[in-house]
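Position 182 of the sequence shown, counted from 1, bears residue number 179 in the numbering used here, the numbering being contiguous throughout.
Yeah, the Cβ is synthetic: ideal placement off N, Cα and C, and Gly gets one too.
The next block holds one structure in the form of structure tokens; read it before the comments.
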Amino acid sequence: MARKMVPPFPEDTNFVEFGRPAPTTYYDRDNNLIHRGSDSAAFLKLDMDVSRLNKIHRYLWLVGRPTNARPLHRQKMIERQILITEQADLHMVWHESRIFLKPLPDYIFDYEVWNSTICNDAALHASSCGFLLSYVWLLRHPSDLKIALDLGLISPKINWENWIIFVDTLLSNTDYATSDTVNHRYHYGELRLSRLNTIYRILHIFEPKRFMLGYLPRYNRYAVFFERNFRWVVIVFLYMTIILTAMQVGLATTELQQDEMFQRASYGFAIFSIVLLVFIVFSEVFLFSLFFVFNFIATKAFLNKPAKATKASINTGQTGANSVV
């Protein structure tokens, strides 16, 4: 018999009065405008959706450690820029000096929302519990709460005394050691975006759209893409130029002119340098053409998308992919 799901805190824990739990309208991953109407469950599923990470859960050990995320003050100490996202599957994902964090929605503190909606869906319950757990990691000190308030990550109605009472109650009423209590995504803390993109592309190598975009596109201009992915070429050619110059000087000396092995090495390295240069230029042209064609086709498909489908989704409240934009 399935275990009955209950809110992770008792009814009398509501220490702040919040407004309605969900917006009147929202967008799905296909950029369709959805009218919520009286159905809050659909929005909550979208808002807490981490299904993309669940599908590649077996590979997450390559992306991050199965441990707690660093608190916010620590993120500041290592000079990370905190960026706001409304996608749960980007929460605690980092790239270079930036980390994405999803703000704590007001409805997550509402006992009635949990009791009437979240507890009726096992996947939603696990995702919501996991999301709350992530903020237990992130807000460990008063300084963390101050950072969260300054960035709008948590309601300004919450103070440190409220928060520690809530966390104490939450951990006392929830067995986070149980595997099905929290979504598997939250068995890991911070996840590296570059590795997520690589894994996502490899697993979707035969799906052009997912392969091209990856888990999260990092480039909005061709110049940025080539600058970040081919900057190493300058360093390579700098070293190659030094080596070729040294070989040229060596061949001008009497000793090395008679050295057959050195002459073969110089010949081979010169040919390798020419081939490498041609290969890199060809790769840049090929990638540019590939991205240009893909973006052209995607733009045409978007322009040709029937307007009736979008209108129907607004009127009926139907949803597309289970994720938030």
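Helix, strand or coil for residue i? Go by DSSP, reduced to three states.
{"i": "Val90", "result": "strand"}
{"i": "Arg137", "result": "coil"}
{"i": "Arg26", "result": "coil"}
{"i": "Leu300", "result": "helix"}
{"i": "His201", "result": "coil"}
{"i": "Phe97", "result": "strand"}
{"i": "Leu150", "result": "coil"}
{"i": "Ile232", "result": "helix"}
{"i": "Gln78", "result": "strand"}
{"i": "Leu69", "result": "helix"}
{"i": "Arg189", "result": "strand"}
{"i": "Ile155", "result": "coil"}
{"i": "Ile53", "result": "coil"}
{"i": "Ser320", "result": "Low per-residue confidence applies at Ser320: pLDDT is 41, beneath 50, and the placement is therefore not dependable enough to give any value."}
{"i": "Asn170", "result": "helix"}
Can you check which of these residues, the options, is closest to residue i by C-alpha distance?
{"i": "Val230", "options": "Tyr197, Leu274, Asp107", "result": "Leu274"}
{"i": "Asp165", "options": "Tyr132, Leu241, Asn194", "result": "Tyr132"}
{"i": "Trp91", "options": "Glu187, Pro5, Ile75, Phe289", "result": "Glu187"}
{"i": "Tyr108", "options": "Ser125, Pro100, Phe97, Tyr212", "result": "Ser125"}
{"i": "Ala120", "options": "Pro100, Pro7, Arg182, Ile232", "result": "Arg182"}
{"i": "Tyr212", "options": "Asn117, Tyr24, Phe6, Ser48", "result": "Ser48"}
{"i": "Ala267", "options": "Trp160, Ile239, Asp46", "result": "Ile239"}
{"i": "Thr114", "options": "Ile75, Phe40, Tyr173", "result": "Phe40"}
{"i": "Lys1", "options": "Asn112, Thr64, Lys42", "result": "Asn112"}
{"i": "Arg228", "options": "Leu287, Ile277, Glu158, Arg71", "result": "Ile277"}
Measuring only between beta-carbons, confirm whether residue i sits less than 8 Å from chain B.
{"i": "Ala39", "result": "This model lacks chain B altogether; it includes just one protein chain."}
Can the beta-carbon of residue i be found less than 8 Å from the beta-carbon of residue j?
{"i": "Gln84", "j": "Arg95", "result": "no"}
{"i": "Leu142", "j": "Leu148", "result": "no"}
{"i": "Val196", "j": "Leu59", "result": "Note that residue 196 corresponds to Ile in the displayed sequence, not to Val. Cβ atoms of Ile196 and Leu59: closer than 8 Å."}
{"i": "Phe269", "j": "Met209", "result": "no"}
{"i": "Pro4", "j": "Asp44", "result": "no"}
{"i": "Arg189", "j": "Gly61", "result": "yes"}
{"i": "Asp86", "j": "Leu50", "result": "yes"}
{"i": "Lys99", "j": "Ile144", "result": "no"}
Could you check if residue i is buried or exposed, using at least 16 other CB atoms within 10 Å of its CB as the buried criterion?
{"i": "Tyr185", "result": "buried"}
{"i": "Ile151", "result": "buried"}
{"i": "Val110", "result": "buried"}
{"i": "His122", "result": "buried"}
{"i": "Ala306", "result": "In this prediction, Ala306 scores a pLDDT of 49, lower than 50, which makes its location untrustworthy; no coordinate-derived value is stated."}
{"i": "Ile155", "result": "buried"}
{"i": "Asp25", "result": "buried"}
{"i": "Val322", "result": "With a pLDDT of 34 at Val322, under the threshold of 50, the predicted position of this residue should be treated as unreliable, though the coordinate-derived value follows. Per the 10 Å Cβ criterion, exposed."}
{"i": "His88", "result": "buried"}
{"i": "Tyr23", "result": "buried"}
{"i": "Leu300", "result": "exposed"}
{"i": "Asn28", "result": "exposed"}
{"i": "Asn170", "result": "exposed"}
{"i": "Ala66", "result": "buried"}
Going residue by residue through the region 245 to 269, where are the continuous beta strand (DSSP E) segments of at least 3 residues, counting only ones entirely within it? Secondary structure within the region 245 to 269: not one fully enclosed beta strand (DSSP E) run of 3 or more consecutive residues is present.
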